[in-house]
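> Can you read through this structure? Questions will come right after.
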Amino acid sequence: MLSKKIETAINKQIELEAASSQLYLSMASWAETKSFNGVAAFLFKHSDEERFHMIKLLKFVNERGGHALIPALKQPDKDFKTLNVVFEQILKHEIYVSNEINKLVDICLQEKDYTTHNFLQWYVSEQIEEEALARNVQDKLKLIGADKGGIYFFDRDLGAMAAATSQNEQSGGKGGKE
Ligand code: OFO
Numbered sequence: 003m004l005s006k007k008i009e010t011a012i013n014k015q016i017e018l019e020a021a022s023s024q025l026y027l028s029m030a031s032w033a034e035t036k037s038f039n040g041v042a043a044f045l046f047k048h049s050d051e052e053r054f055h056m057i058k059l060l061k062f063v064n065e066r067g068g069h070a071l072i073p074a075l076k077q078p079d080k081d082f083k084t085l086n087v088v089f090e091q092i093l094k095h096e097i098y099v100s101n102e103i104n105k106l107v108d109i110c111l112q113e114k115d116y117t118t119h120n121f122l123q124w125y126v127s128e129q130i131e132e133e134a135l136a137r138n139v140q141d142k143l144k145l146i147g148a149d150k151g152g153i154y155f156f157d158r159d160l161g162a163m164a165a166a167t168s169q170n171e172q173s174g175g176k177g178g179k180e
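Once you know that position 105 of the sequence shown is 107 in my numbering, the rest is easy, because the numbers rise by one and skip nothing.
As structure tokens, then:
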């Protein structure tokens with residue numbers, strides 16, 4: 003059974019995962035309108051992953067005797083100007099999410115809820131991966147600078163990355179992500 007304090011804190015995290023999914027969906031749509039189709043595929047995939055993170059929390063709350071609440075949709079940012087702006091924002095956002103997960107882990111320790119603490123370790127690892135990926139992609143963009151050819155290949159590589167992850171998932175692998 004979850005304590006009220008933990009149930010409320012996880013519901014807050016459900017809201018954040020949903021907002022992350024919406025933000026990446028908005029970025030994907032922006033990228034598609036700019037014909038960055040590879041970047042769009044990567045971001046659509048990322049948005050799906052965030053939704054999965056939300057559902058995983060939702061199921062956990064309900065299984066533990068709580069009530070997972072579905073948050074209202076808020077319109078995320080819609081104009082990003084450049085790819086650099088998109089990926090800077092993603093890194094900032096992921097760092098924020100990691101901090102929120104850490105706070106949640108801390109509440110579990112205070113409440114001596116070791117079951118939820120154990121469950122949250124998946125999110126702790128996931129955030130390490132997500133921050134590393136966001137940093138890596140942002141570094142690539144910094145190297146490319148204003149080089150149009152570089153941007154072309156960057157877009158192609160991100161599309162290939164999204165396709166490889168999907169293929170891996172279809173063949174039963176974890177695809178590096180869930
Ligand atoms: Fe849910 O992992 Fe990113 O935000």
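Beta carbons: idealized from backbone N, C-alpha and C, even for Gly.
1) CB GLU102 to CB GLN24, shorter than 9 Å?
2) Quick check on DSSP: helix, strand or coil for PHE44?
3) Alpha carbon to alpha carbon, how far is ILE72 from GLU9?
4) Can you have a look at THR35 and say buried or exposed, based on whether 16 or more other CB atoms are within 10 angstroms of its CB?
5) Excluding the 5 residues flanking TYR26 on each side, which residues of the same chain have their C-beta closer than 7 Å to its C-beta?
6) Roughly how many angstroms lie between the CA atoms of HIS119 and LEU93, to the nearest whole one?
7) Nearest CA to the CA of MET163: which residue from VAL126, LYS58, GLY68, ALA42?
8) Would the C-beta of GLN129 count as close to the ligand OFO, meaning under 8 Å from any of its heavy atoms?
9) Assess contact between the region 78-97 and the region 136-150, defined as three or more Cβ pairs (one per stretch) separated by less than 8 Å. Is contact present?
10) Can you tell me whether DSSP reads GLY151 as helix, strand or coil?
11) Sorry if obvious, but does the Cβ on SER28 come closer than 8 Å to a heavy atom of the ligand OFO?
12) Within 10 angstroms of its Cβ, does GLU65 collect 16 or more other Cβ (buried), or is it exposed?
13) What is the DSSP secondary structure of ASP79, reduced to helix, strand or coil?
14) Beta carbon of LEU122, beta carbon of VAL107: below 9 Å?
15) Could you check the C-alpha separation between ALA70 and TYR98 for me, to the nearest Å?
With the given structure in hand:
1) Result no, Cβ atoms of GLU102 and GLN24 do not sit closer than 9 Å.
2) helix
3) Between the alpha carbons of ILE72 and GLU9 lies a gap of roughly 13 Å.
4) exposed
5) Excluding sequence neighbours, TYR26 sits near LEU45, HIS48, SER49, GLU52.
6) So the alpha carbons of these two residues sit roughly 25 Å apart.
7) The option with the nearest alpha carbon to MET163 is ALA42.
8) yes
9) Yes, the region 78-97 touches the region 136-150.
10) The answer is helix: DSSP assigns GLY151 an H, G or I state.
11) no
12) exposed
13) coil
14) yes
15) Rounded to whole angstroms, the separation of the alpha carbons of TYR98 and ALA70 is 22 Å.
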